[in-house]
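Chemist: Going from the sequence shown to the numbering used here is simple: count from 1 and add 14. Beta carbons are placed, not taken as given, at the ideal position from N, Cα and C, and that holds for glycine. First the structure, which I've put down as structure tokens, then a few questions once you've had a look.
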Amino acid sequence: PRSAAARRGVAKERRLRAGIQARLRVERFLDAVLARPAPCRRAPTQHERTARAAVVKEFTRGCIKVAKCENCDAVSPKIRQNNYSKIFQTALPERSRKSNRAHRIFLRPAADAEKEAEG
15 PRSAAARRGV AKERRLRAGI QARLRVERFL DAVLARPAPC RRAPTQHERT
65 ARAAVVKEFT RGCIKVAKCE NCDAVSPKIR QNNYSKIFQT ALPERSRKSN
115 RAHRIFLRPA ADAEKEAEG
């Protein structure tokens, strides 16, 4: 029999792996679509739309389940989907921002982090 801490560690590892696998599926799908030449792009098939909807649904469910980061206790912003193709981060409430500041955690846009990594 495993200890409670070991079971939590295994569960955490499974969640991390599931998240990584979901991100890889999204990346592969986007790479395939974006690799097509612009004039030859066609409307997505029903299968592609269904696969996309499943990935987006899995992503949003995963974001809803986690209120705080298990590693650093940062409060995560909520995610909402608008229409078919837009996913937004909502603003953190003041109480959550204060909690993050108390832990010295400052969230920044991923695009800014990507620019820093490139340049």
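Give the single residue among SER17, SER90, LYS71 whose Cα lies nearest to the Cα of ILE101.
Modeler: The candidate whose alpha carbon is nearest that of ILE101 is LYS71.
Chemist: Give me, in chain order, the residues of the same chain whose beta-carbon lies closer than 7 Å to that of VAL80; leave out the 5 immediate sequence neighbours on both sides.
Modeler: So the qualifying residues of the chain are SER90.
Chemist: Considering only residues of the same chain and omitting the five flanking positions on each side of PHE120, which have a CB-CB separation below 6 Å?
Modeler: Same-chain partners within the cutoff: there are none.
Chemist: For ALA88, collect the residues of the same chain with a Cβ closer than 8 Å to its Cβ; drop the 5 residues on either side in sequence, then sort them by chain order.
Modeler: These residues qualify, in order along the chain: LYS82, ASN114, HIS117, ILE119, LEU121.
Chemist: Less than 8 Å between C-beta atoms, sequence neighbours within five positions excluded: which residues of the same chain meet that for GLU27?
Modeler: Counting only Cβ-Cβ distances below 8 Å, and skipping sequence neighbours, we find nothing.
Chemist: Residues bridged to ASN96 by DSSP?
Modeler: Answer by DSSP bridge pairing, in chain order: LYS100.
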